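Participant: Next up is a structure, given as structure tokens.
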Amino acid sequence: MNTTAAATQANVTVATIRTWCRRGVIAAAKTAGKWVIDTASLAARIAIGAMRARKAKPMDINLTATYIYDAPGPHGAEPTTITPAVKTRTRKTGFTWTTITGLAPLFADRLNAITDEGDRIHAAILLQTSQITITDQIEDGPDEIVNGIAFLDRGRLRVKHQPTTAIPMDAVIDLAKQLRTQLAA
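Going by my numbering, the first residue of the sequence shown is number 229, and it counts up by one from there.
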């Protein structure tokens with residue numbers, strides 16, 4: 229296997245694969261100036277990384293991060309900045325509702341991996357309008373996704389998102405669960 233294929237499989241950069249080869253982290257041999265990587269060794273390294281990721285303490289999600297993209301406008305590209313907004317309110321019923329919008333900065337790595345500029349801008353706009361709602365109000369009903377809104381944990385966690393290939397609904401649901409844990413701490 230070559231470095232490009234190995235990087236894709238391991239979800240790391242080609243430079244990282246080359247470093248692993250040089251340091252002996254994975255079994256590889258240089259042939260005609262190019263690394264040839266042992267697939268079993270790479271699979272073992274990927275498994276080690278996955279175990280470490282599960283054991284690692286969850287990182288705080290930076291709710292002050294920004295994401296900037298150039299949106300097409302009448303006079304050329306105009307920079308648009310997205311920052312997450314967190315709003316908490318208590319309703320007359322006594323239930324607390326926290327709403328998080330402007331999710332694009334929280335998916336910056338995924339957005340930046342989209343090679344087509346139009347697709348990247350489209351995904352950023354969708355994330356700008358996506359919404360996570362965390363509440364202590366319990367509602368009857370099963371966990372379900374209806375018309376782009378996921379109702380989870382008896383309605384206490386809600387995700388409104390128009391999914392794309394790069395940013396599927398599951399990714400936003402995972403973020404919602406992490407945010408709920410972080411904001412509850």
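Even for Gly, the Cβ is constructed at its ideal location relative to N, Cα and C. Fair warning: this is a prediction, and the values are worked out from it, not measured in the lab.
Measure the alpha-carbon distance for TYR297 versus VAL240 and round it to whole angstroms.
Facilitator: Roughly 24 angstroms between the two C-alpha positions.
Participant: When DSSP builds the beta bridges, which residues end up paired with ALA313?
Facilitator: THR329
Participant: What residue from THR308, ALA313 and GLY322 has the CA that sits closest to GLN365's CA?
Facilitator: Out of THR308, ALA313 and GLY322, GLY322 has the C-alpha closest to the C-alpha of GLN365.
Participant: Put THR392 into one of helix, strand or coil per three-state DSSP.
Facilitator: coil
Participant: Roughly how many angstroms lie between the CA atoms of LEU411 and ILE353, to the nearest whole one?
Facilitator: 25 angstroms
Participant: Given GLY277, which residues of its chain have a CB within under 8 angstroms of its CB, disregarding the five upstream and five downstream residues?
Facilitator: ALA238
Participant: Excluding the five sequence neighbours on either side, which residues of its own chain have a C-beta within less than 6 angstroms of the C-beta of ALA336, listed in chain order?
Facilitator: TYR295
Participant: Inspect the beta-carbon positions of ARG382 and THR361 and report whether they are closer than 8 angstroms.
Facilitator: no
Participant: With LYS219 as the anchor, note down where its beta strand (DSSP E) starts and where it stops.
Facilitator: Residue 219 cannot be examined here, being either before or after the span of the chain that is shown, 229 to 413.
Participant: For ILE245 and GLU306, what's the separation of their Cα atoms in angstroms?
Facilitator: Taking the straight line joining both Cα atoms gives about 37 angstroms.
Participant: Near ALA299, what residues of its chain come up, given a Cβ to Cβ distance below 6 angstroms and the 5 sequence neighbours on each side ignored?
Facilitator: GLU306 and THR308
Participant: Using C-beta distances below 6 angstroms, list every residue in its chain close to LEU270, excluding the 5 sequence neighbours before and after it, in chain order.
Facilitator: ALA234 and ILE254
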